[in-house]
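What follows is a single structure, written as structure tokens, with notes after it.
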Amino acid sequence: MKKFLIASAFFLSTFFLHAEEEVIDYKGMANGADFAPKWYSELTENNLKPLKKKFKIAKNEKVYFSEAEGLNLNLAKTASYLNIINMIADEENISVENITGLVPITDYWYVTENEKGEQKTYCMTVYKKINQ
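Everything in the sequence shown is counted per this note's numbering, starting at 377 for the first residue and increasing by one.
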């Protein structure tokens with residue numbers, strides 16, 4: 377019972393913390409685009425098909441993606457890129473300095489603001505790795 381109460385408290389606190397954030401800007405908002413393109417929505421569910429179709433990526437090409445947050449877009453993009461570099465280094469068992477052949481495909485970002493006026497930027501970056 378105690379574990380259930382702790383888990384419930386954690387869930388509720390997480391829910392209410394996220395409920396305080398409101399999306400105030402996103403990629404394409406100025407042009408009237410929908411909040412999340414299909415490829416992005418599907419990618420968050422780990423479905424690569426819409427992404428590969430939209431950006432004409434061959435089925436056998438390796439795609440890496442990561443989402444990160446930062447105080448602004450540059451920090452969020454950098455953190456996301458570094459996540460990808462670390463994934464590849466772990467996967468290939470090499471140091472990050474030896475990673476080559478990454479080609480940017482696209483990114484998607486959005487900015488939130490909480491009740492205190494603090495903003496965060498979330499950014500998903502997508503790269504493919506070409507063989508060299």
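Positions of the beta carbon are idealized from the N, C-alpha and C atoms, including for glycine.
Cβ pair Ile-470, Ser-442 closer than 8 Å
Here the question's residue 470 lines up with position 94 in the sequence shown. Here the question's residue 442 lines up with position 66 in the sequence shown. Cβ atoms of Ile-470 and Ser-442: not closer than 8 Å.
Going by DSSP, name the residue or residues bridged to Met-500.
The sequence position of residue 500 within the sequence shown is 124, counting from 1. DSSP lists Glu-443 and Tyr-484 as partners of Met-500.
Within the continuous alpha helix (DSSP H) that includes Glu-468, where are the two ends?
Translated into positions along the sequence shown, residue 468 becomes position 92. Note, Glu-468: alpha helix (DSSP H), 449 to 468.
Would you mind giving the Cβ-Cβ distance between Leu-427 and Trp-485, rounded to the nearest angstrom? I have them listed as a contact below 8 Å.
The residue you call residue 427 lines up with position 51 of the sequence shown. The residue you call residue 485 lines up with position 109 of the sequence shown. Between Leu-427 and Trp-485 a beta carbon distance of about 16 Å is seen, past the 8 Å cut, so the two are scored as non-contacting.
Glu-418, DSSP secondary structure in three states:
In the sequence shown, counting from the first residue as 1, residue 418 sits at position 42. It is helical.
Between the Cα of Gly-446 and the Cα atoms of Met-500, Ile-475, Glu-398 and Ile-506, which residue gives the shortest distance?
Here residue 446 refers to the residue found at position 70 of the sequence shown. Closest by alpha carbon: Met-500.
To the nearest angstrom, how far is the alpha carbon of Ala-409 from that of Lys-403?
Along the sequence shown, one-based indexing puts residue 409 at 33. Along the sequence shown, one-based indexing puts residue 403 at 27. Whole-angstrom Cα-Cα distance: 8 Å.
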